[in-house]
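Residue numbers (my numbering): 1 to 749. Backbone N, C-alpha and C define an ideal beta-carbon position, used for all residues, glycine too. Computed from a prediction, not measured in an experiment: that's the story for all the values here. What follows is a set of notes on a single structure, which appears directly below.
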Amino acid sequence: MEHTIATSKNTYNFHKIANFGGMGCCLLSTLDTIADCNKIAAKILGLKKTKELLNSSFSYYLSDDQKTEFSDTLRQVKKSGKSEERTYLLSNLDSINIQLSCLETTRGIQVVILFKIVSKETKPSRKVLLENLDKKDQKLKKIKKRHKQFEQRLKESQKISQTGNWELDIETQNLYWSDEVFEIFEVDKKDFKGTNEWFLELVYPDDRKKLVKAFTESLKSRKQFCITHRILTKKGVTKHLEERSQTIYDSHKKPLRSIGVVIDVSDRIKNEEQLKFYKDLLDQAQEISKIGGWTWDLLTTNFTWTNETYKIFDLVSKNVPDLTFVVKLFCRQDRKVIIKAIRALLTEGVAFDLKLRFLKSENKYTWIRTIGQPVYENNKIIRVNGIVQDIQHQILMEEQLENERQKYVQTLEQNNEPVITINSKSIIQIYNKAAERLFEYKKEEMIGQRLEKLFGHDQEVQNRHKDYIKNNVEKSYHNSFDQFMRIIKMFTKSGKAFPGQISLTKVIMENDTYYAAFIRDLSEDLKVQEELEKERIKNLKAIMIGQELERKRVASELHDGLGQTLTAAKLSLGALLQNEDYEEELKSKIRIIKQFIDLSVVESRRISLSMMPLELESHGLMVSIEKILNKLTTSLNIKTEFIKEEGFDVGSEENAKIVYRIIQEAINNAVKHGAPSRISVSFKKNKDKKIIVVSDNGKGFDYTKVIKGLGLVNMSQRASSVNGNIEFNSEKGKGTEIRITLSPVSYER
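Spelled out as structure tokens, the structure:
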């Protein structure tokens, strides 16, 4: 072709080009459809009017075998910007010579096609053309295969990105959707009506006007259309979609069709709403707590503050502050402090936590707390993140608490009773002069020490106190108890022991829990108490001895008086039975009376022995208990166990009688109420204590729910009379254990 045309580096009017050289001329749009043409082009392509060519693809008029080659050449021209010449066969088998060139227009880079019919002298034969087509057949198949692969990848990428494409014919309002658009709208293809009006019915009612208005304005302004709206699916699910489109116009600026994409941004909108919710929540939390956030970008040297930070510094303007501005906010005395902290952070990476004063007015300042943490990237500090908190109220409270603390300490110092204040970990915080006099330790020796130091070197006593603090005092924070009292053996610095009463009272100071330990030396009190206890035990023992004497008297009366009387009656009745003059009926009645008297004799003898067993007087406590157990085995078939530690002794004969009664009552109760198959009695020693245990595997009972009858009360009183105590351990279905402990008076209770 002898004529040339300008490349994209120059700009020409298309109509001047169209009238150049009597050739057919077409201008392709950016979408590769014919945007403009001349009359010669329409005539060569077999059309009467030029408007019939508009918006159609130029490759449509080529033979089917050459359409792919034309598309490849077109892409190459657009990519390189260089002109290309080719010979193609039209669908009517006319051969044309085509020149493709790039042209820069106001709409961007477009392609100009100049073509004319090849003269008969140079027109290739049909045979040659068919041979060329055969050569390109394999290439065409490969191209089609790649095209299918491209379409499949496009579908997959659209599915992954939840993006679909659509096309709208402006004049007919006909609508085309890709497969992914159907997925996004959850619409079946058979229900697709393909009109813009039908599409608008799917849009959320409140968003329809906004969508139509935005699209109409984009047509007028000829700018890209972009808007986010909602749809309501058939399942009632609301989705947020983002629509983007570009409209194609003809040479007279008439809109022809819009091509666009739709993206499901529901997750993004949800995340944005959630992010906004958390941001609002953070702002509210900062406002309530009076804590603001800030960041210092070391690259730009600018600070970024949250809204609450501006409020704390009493600043209305939100101009970006720099380091100089920030430092000048604080009092002169504190500026050196913050500058030193910033230098340490930048050079050594040391975070800071400072309490500073900033000027609210000329003579008024407010306390704030600021914390700064370095942020690293590639082992280099790139910014500093931090917070700022209004602590004016906190500082005032601390000052007030310190004043109260000083008053509290002064009050304790003036107290004549020993008072020691400990924290929740039993560490001594305050130690008054009265405590110094009692324990002989100076204040300097005890501050910071554990309270257990005053309990001597007995580790068991110290451990018991630690357990007591853990199980009672420390739990008081939750249970709202505020006072505890106990008696424990305590020691002075010189090693002198004395019984001390500790009363712990909870005290709240400096936002922490403390306990004021009021201590009393109970040495004199316990002496009086011991005398009273001895007197009580003496009286109680006298009562028990009196009871035993009365039992002995009654037993003697039963045996010697009632027993002999019943025996005499029995002999008299026996003599009557020998009289032959009595009728048999009378004799029968006499025999019955004699049987009752026999039973009465046996029962009176049993009661007499029970009230005063002969074995106890003649053989002692151990033999008597063992004999009771043997009778249980022979008469009731109950398995028994008797354990006696060598050298076990309960003391006097009176003590033995009292212990015997306790064990006897325990065994009788087990047999009467528990129905056991096994009963055990053991006598053991543990250091200076003597322990007697009576246990069975019977029904058991709930001791906390059983009304204490006369039997349990008598057992407790008897144990107390011999300087002992008694414990009842029982559960339903798990038997019963009664433990009697005989021990001297102990300091600790």
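Assuming residue i is part of the beta strand (DSSP E), what are its boundary residues?
| i | result |
| --- | --- |
| residue 649 | From DSSP, residue 649 is part of no beta strand (DSSP E); its letter is neither H nor E. |
| residue 737 | 736 to 742 |
| residue 171 | It is not in any beta strand (DSSP E) - residue 171 carries neither H nor E in the DSSP assignment. |
| residue 370 | 365 to 377 |
| residue 35 | 34 to 37 |
| residue 94 | From DSSP, residue 94 is part of no beta strand (DSSP E); its letter is neither H nor E. |
| residue 58 | That residue, residue 58, is in no beta strand (DSSP E); it is neither H nor E in DSSP. |
| residue 789 | With the chain covering only 1 through 749, there is no way to say anything about residue 789. |
| residue 328 | From DSSP, residue 328 is part of no beta strand (DSSP E); its letter is neither H nor E. |
| residue 27 | 24 to 28 |
| residue 639 | 639 to 644 |
Residue range of the alpha helix (DSSP H) that residue i falls in?
| i | result |
| --- | --- |
| residue 630 | 621 to 636 |
| residue 79 | 67 to 80 |
| residue 322 | Per DSSP, residue 322 belongs to no alpha helix (DSSP H) and is neither H nor E. |
| residue 346 | 332 to 348 |
| residue 699 | That residue, residue 699, is in no alpha helix (DSSP H); it is neither H nor E in DSSP. |
| residue 185 | 179 to 185 |
| residue 52 | Segment: none, residue 52 is in no alpha helix (DSSP H) and carries neither H nor E. |
| residue 583 | It is not in any alpha helix (DSSP H) - residue 583 carries neither H nor E in the DSSP assignment. |
My understanding is that residue i touches residue j, with C-beta atoms under 8 Å, so please give their C-beta distance in whole angstroms.
| i | j | result |
| --- | --- | --- |
| residue 112 | residue 101 | 5 Å |
| residue 658 | residue 739 | Rounded, the Cβ-Cβ distance is 16 Å, inconsistent with contact. |
| residue 326 | residue 352 | At roughly 13 Å, the Cβ-Cβ gap does not stay under 8 Å, so residue 326 and residue 352 are not in contact. |
| residue 237 | residue 164 | Actually they are not in contact, since the Cβ atoms of residue 237 and residue 164 sit about 17 Å apart, beyond 8 Å. |
| residue 350 | residue 344 | 4 Å |
| residue 728 | residue 683 | Their Cβ separation, rounded to whole angstroms, is 19 Å, which puts residue 728 and residue 683 out of contact at 8 Å. |
| residue 695 | residue 716 | Contact flag wrong, Cβ pair sits at about 18 Å. |
| residue 430 | residue 420 | 7 Å |
| residue 651 | residue 674 | Wrong, their Cβ atoms sit about 30 Å apart, outside the cutoff. |
| residue 639 | residue 678 | 5 Å |
| residue 241 | residue 229 | 6 Å |
| residue 384 | residue 305 | Their Cβ separation, rounded to whole angstroms, is 13 Å, which puts residue 384 and residue 305 out of contact at 8 Å. |
| residue 175 | residue 199 | 6 Å |
| residue 521 | residue 438 | 6 Å |
| residue 387 | residue 288 | Not really, about 14 Å apart at Cβ, beyond 8 Å. |
| residue 243 | residue 227 | 5 Å |
| residue 59 | residue 71 | 6 Å |
| residue 622 | residue 644 | 6 Å |
| residue 489 | residue 455 | 7 Å |
Bridge partners of residue i, per DSSP?
| i | result |
| --- | --- |
| residue 519 | 502 |
| residue 670 | Residue 670 is not bridged to any residue. |
| residue 729 | 737 |
| residue 167 | 176, 259 |
| residue 750 | Residue 750 cannot be examined here, being either before or after the span of the chain that is shown, 1 to 749. |
| residue 490 | 498 |
| residue 293 | 387 |
| residue 84 | 100 |
| residue 300 | For residue 300, which the question treats as bridged, DSSP gives no partner whatsoever. |
| residue 354 | 370 |
| residue 115 | 24, 98 |
Quick one, are the C-beta atoms of residue i and residue j less than 8 Å apart?
| i | j | result |
| --- | --- | --- |
| residue 313 | residue 358 | yes |
| residue 25 | residue 90 | no |
| residue 231 | residue 249 | no |
| residue 334 | residue 315 | no |
| residue 27 | residue 35 | yes |
| residue 179 | residue 155 | yes |
| residue 247 | residue 208 | no |
| residue 182 | residue 193 | no |
| residue 38 | residue 19 | yes |
| residue 256 | residue 170 | yes |
| residue 266 | residue 258 | no |
| residue 382 | residue 299 | yes |
| residue 110 | residue 29 | yes |
| residue 96 | residue 116 | yes |
With 8 Å set as the bound, which would you pick, yes or no: does the beta-carbon of residue i sit closer than that to a beta-carbon of chain D?
| i | result |
| --- | --- |
| residue 76 | As a matter of chain content, chain D is missing from the structure shown, which is built from one protein chain. |
Return yes when at least one heavy atom of the ligand GTP lies under 7 Å from the C-beta of residue i, else no.
| i | result |
| --- | --- |
| residue 100 | No copy of the ligand GTP occurs in the structure displayed, which carries no ligand at all. |
**Study point:** Inside the stretch 189 to 266 only - beta strand (DSSP E) runs reaching at least 3 residues
**Key:** 225 to 232, 238 to 249, 255 to 264
Exercise for review: Return the chain-ordered ranges of every beta strand (DSSP E) run that is complete within the stretch 411 to 451 and spans a minimum of 3 residues.
Suggested key: Qualifying beta strand (DSSP E) stretches, in chain order: 419 to 423, 428 to 431.
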